[in-house]
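K.L.:
In my numbering, the protein residues as written are 845 to 979.
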């Protein structure tokens, strides 16, 4: 169905603009802070920065989630096809909660890389890829 395909494209665009770009930007802001703290021998401070990044990303979800869940109304208001807008809102509503998991995983991956321990992320990625193929 061409409307379902259009809805997925529109939903992904909204998730990228309203979710991923903001969460990734906030998570990447801690890279310099963690690297400096770890390089200065303050591992505890690095962990504090990770916790702060997680809290900030979680708080951002308070406005990102409603924008994505109610995106059908926004999209219809700017002239999108109502069927496509409703499909996109349904798609966004189902996938929006996973953005929080993605934000936390991204922050953890950046934390480990800043502390010179990137192997854990590689191992997790390999295991997830195997499960992705199996499922």
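Note that the Cβ used here is the ideal one computed from N, Cα and C, for glycine as well. These figures come from a predicted structure and were not determined experimentally.
Taking all protein chains shown into account, do 16 or more other C-beta atoms lie within 10 angstroms of the C-beta of residue 861, making it buried, or fewer, making it exposed?
P.N.:
As a working mapping, residue 861 is identified with position 17 in the chain shown. So residue 861 ends up on the exposed side.
K.L.:
DSSP on residue 924, reduced to helix/strand/coil?
P.N.:
Reading the chain shown from its first residue, position 80 is the one you call residue 924. Coil at residue 924, not helix or strand.
K.L.:
Are there 16 or more other CB atoms within 10 angstroms of the CB of residue 963, so buried, or fewer, so exposed?
P.N.:
Within the chain shown, residue 963 is the residue found at index 119, counting from 1. With fewer than 16 other Cβ atoms within 10 Å, it is exposed.
K.L.:
Go ahead and label residue 874 buried or exposed: buried means 16 or more other beta carbons lie within 10 angstroms of its beta carbon, across all protein chains shown.
P.N.:
Taking the chain shown and counting its residues from 1, the one referred to as residue 874 is at position 30. Answer is buried; the Cβ neighbour count reaches 16.
K.L.:
Spell out a yes or no on whether the region 932-949 and the region 873-891 are touching, meaning 3 or more CB-CB pairs, one atom from each, closer than 8 Å.
P.N.:
With a cut-off of 8 Å, the region 873-891 and the region 932-949 do not count as touching, because too few Cβ pairs lie within range.
K.L.:
Please classify residue 874: does DSSP put it in a helix, a strand, or coil?
P.N.:
Counted from its first residue, the chain shown places residue 874 at position 30. In the structure shown, residue 874 sits in a helix (DSSP, three-state: H, G or I).
K.L.:
Got a sec? Which residues, its chain only, sit under 8 Å from residue 925 by beta carbon, not counting five neighbours each side?
P.N.:
Taking the first residue of the chain shown as position 1, residue 925 is located at position 81. The answer, listed in chain order, is 847, 850.
K.L.:
Sort 931, 971, 979, 947 by Cα distance to residue 902 and report the nearest one.
P.N.:
The count along the chain shown starts at 1 and reaches residue 902 at position 58. Nearest of 931, 971, 979, 947 to residue 902, Cα basis: 947.
K.L.:
Count the other CB atoms within 10 Å of the CB of residue 859; is the residue buried (16 or more) or exposed (fewer)?
P.N.:
Here residue 859 corresponds to residue number 15 of the chain shown, with the count starting at 1. Buried, because 16 or more other Cβ atoms sit within 10 Å of the Cβ of residue 859.
K.L.:
Cβ of residue 871 within 7 Å of Cβ of residue 961?
P.N.:
For the purposes of this step, residue 871 is taken as the residue at position 27 of the chain shown. For the purposes of this step, residue 961 is taken as the residue at position 117 of the chain shown. For residue 871 and residue 961, no; Cβs fall outside 7 Å.
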